[in-house]
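Novice:
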Amino acid sequence: MQKMLTEVIVLLGVIGLSHGAIQRLDYDDTPNPEFLNPSWMASIPDDQPLSEVTMPGTHNTMALYGGVYAECQTWSLASQLQAGVRFLDVRVRHVKGNLTIHHGVSYQRAHFGHVLEGVADFLQEYPSETVLMRIKEELSETYDIYGAVVDYIHRYAHWDLLWHSRLVPTMGEARGKLVILQDFSGPDLGMRYGSLDIADDWKVPTIMHVEEKWQSIYEHLEAAPEGNKAQIFLTFSSGAGVFAYPRAVAQRINAQLYGYLRAKNDLNQRLGIICMDFPAAPIIQMIIDFQFEEATKRRQAFNPALSKGSLKYAMSSLRKKMDKRFNINI
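Here the sequence shown is numbered in the numbering used here, starting from 184 and rising by one per residue.
1. Give the DSSP-derived three-state secondary structure of Arg317 in the structure shown.
2. Can you tell me whether Leu489 is buried or exposed? The criterion is at least 16 other CB atoms within 10 Å of its CB, across all chains shown.
3. Please classify Gln265 as buried or exposed, where buried requires at least 16 other C-beta atoms within 10 Å of its C-beta.
4. Hey, quick one: how far does the alpha helix (DSSP H) through Arg207 stretch, first residue to last?
5. Out of Phe475, Leu417 and Pro462, which one is the CA nearest neighbour of Thr213?
6. Ala464: buried (16+ other C-beta within 10 angstroms of its C-beta) or exposed?
7. From this set, Ile205, Glu217 and Arg207, which residue's C-alpha is nearest Gln263's C-alpha?
8. Mind checking which residues open and close the beta strand (DSSP E) that includes Ile336?
9. Helix, strand or coil for Gly473? Go by DSSP, reduced to three states.
10. May I ask you to report which of helix, strand or coil DSSP gives Ala427?
11. How would you call Met391, buried or exposed, if buried means at least 16 neighbouring beta carbons within 10 angstroms?
12. To the nearest angstrom, report how far apart Glu320 and Gly203 are at their CA atoms.
13. Taking the CB atoms as reference points, tell me whether Pro388 and Ala427 lie closer together than 8 angstroms.
14. Would you mind sorting Leu306 into buried or exposed? The rule is 16 or more other CB atoms within 10 Å of its CB.
15. Would Gly369 count as contacting chain E if we go by Cβ distances under 8 angstroms?
16. Using a threshold of 8 angstroms, state whether the C-beta atoms of Gly455 and Phe416 are closer than that.
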């Protein structure tokens with residue numbers, strides 16, 4: 184069943200390739216999300232620790248430019264937050280006190296102030312929410328960004344926006360706050376990124392290595408429900424290599440992730456943060472739904488094609504479309 188669903192999603196993506204951008208259930212590299220869910224955290228009890236919240240995130244959140252090897256997202260920061268993303272992976276280049284956003288050598292037409300303003304504006308509009316943000320130095324390797332980060336916070340946001348503790352906050356404590364996951368040296372600005380339980384096997388040398396990447400994701404997600412409840416679990420589904428650029432990896436991994444999540448019967452369990460390249464609104468919603476016991480009915484209503492028979496019909500229909508469009512046999 185899961186294998187068949189994965190094949191359906193991949194076939195949808197192949198058909199979409201002839202039209203440029205793709206919008207599937209699991210993968211979306213169009214400019215805007217299919218639908219939004221900006222205030223989903225309002226339903227989470229105040230006394231629930233963030234370490235027990237399952238939430239969607241984006242890898243290299245601001246990497247929208249630079250070609251196929253640099254681009255990891257197509258939605259703006261505002262669109263990602265509105266779609267339900269609550270973990271941001273932000274990379275800054277440090278030059279003489281300035282913090283520009285980079286993915287490797289590729290400048291992302293933004294600076295750290297733009298990110299802070301976007302988060303502050305979002306949290307002001309939706310005070311029921313919280314945003315977790317990993318901050319990491321990229322390219323410059325000065326190993327001394329603390330002062331510049333503090334300066335930008337004062338200039339583009341405000342000090343009270345931050346959660347000022349290494350401890351994992353409850354949902355009530357975190358509402359309206361930016362929780363910095365500090366991946367650089369210096370005094371505490373929030374939690375330490377290294378305190379999380381992280382799976383980030385990002386090196387995928389070729390497309391032939393995607394299955395190894397998926398196995399790493401699968402094992403970490405399987406460990407999360409029974410893992411240390413006081414520790415945030417973070418699983419990166421993203422990956423890339425010289426012969427496997429981010430889009431190519433995401434088109435395959437996201438389909439497997441979608442099938443894995445859909446096959447789970449117990450939705451009321453902790454999976455932690457799932458950090459993706461090019462996520463689609465439906466897979467974001469599916470991750471969010473792990474918070475709520477009533478999500479099963481919503482999930483069935485959202486996509487009624489649950490039976491093996493309906494999936495076989497979908498496969499047959501897709502194959503016919505492929506044959507007609509590309510004159511090939513699958």
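Just so you know, even glycine gets a beta-carbon here, dropped at the ideal spot from N, CA and C. Since we're looking at a predicted model, the values are computed, not measured.
Specialist: Considering the structure as presented:
1. Locating residue 317 in the sequence shown gives position 134, where the first residue counts as 1. When secondary structure is reduced to three states using DSSP, Arg317 falls in the strand class.
2. Numbered from 1 along the sequence shown, position 306 holds the residue referred to as residue 489. The pLDDT assigned to Leu489 is 36, lower than 50, so where the model puts this residue is not dependable; a value taken from the coordinates is nonetheless given after this. Leu489 comes out exposed.
3. Taking the first residue of the sequence shown as position 1, residue 265 is located at position 82. The residue is buried, with at least 16 neighbouring Cβ atoms inside 10 Å.
4. Your numbering for residue 207 matches position 24 in the sequence shown. Per DSSP, Arg207 belongs to no alpha helix (DSSP H) and is neither H nor E.
5. In the sequence shown, counting from the first residue as 1, residue 213 sits at position 30. Selected option, being the one with the closest Cα: Pro462.
6. Walking along the sequence shown from the start, residue 464 turns up at place 281. Classification for Ala464: buried.
7. Here residue 263 refers to the residue found at position 80 of the sequence shown. The candidate whose alpha carbon is nearest that of Gln263 is Glu217.
8. On the sequence shown, position 153 is the one that residue 336 refers to. Looking at the DSSP string, Ile336 is not in any beta strand (DSSP E); the run it does join, the alpha helix (DSSP H), is Tyr329 to Tyr339.
9. Within the sequence shown, numbered from 1, the residue matching residue 473 stands at position 290. Per the sequence shown, the amino acid found at residue 473 is Phe instead of Gly. Residue state, collapsed to three classes: helix.
10. Residue 427 sits at position 244 when you count from the first residue of the sequence shown. Three-state DSSP puts Ala427 in a strand.
11. Position 208 of the sequence shown, counted from the first residue, corresponds to residue 391. Counting Cβ neighbours within 10 Å, Met391 comes out exposed, since fewer than 16 surround it.
12. Here residue 320 corresponds to residue number 137 of the sequence shown, with the count starting at 1. Here residue 203 corresponds to residue number 20 of the sequence shown, with the count starting at 1. One alpha carbon belongs to Glu320, the other to Gly203, and they sit about 33 angstroms apart.
13. What you label residue 388 is simply residue 205 of the sequence shown in a count that begins at 1. What you label residue 427 is simply residue 244 of the sequence shown in a count that begins at 1. Contact flag set, yes.
14. Counted from its first residue, the sequence shown places residue 306 at position 123. Burial call: buried.
15. This model lacks chain E altogether, as it is built from one protein chain only.
16. Taking the sequence shown and counting its residues from 1, one reaches residue 455 at position 272. Taking the sequence shown and counting its residues from 1, one reaches residue 416 at position 233. Yes, the Cβ-Cβ distance between Gly455 and Phe416 is below 8 angstroms.
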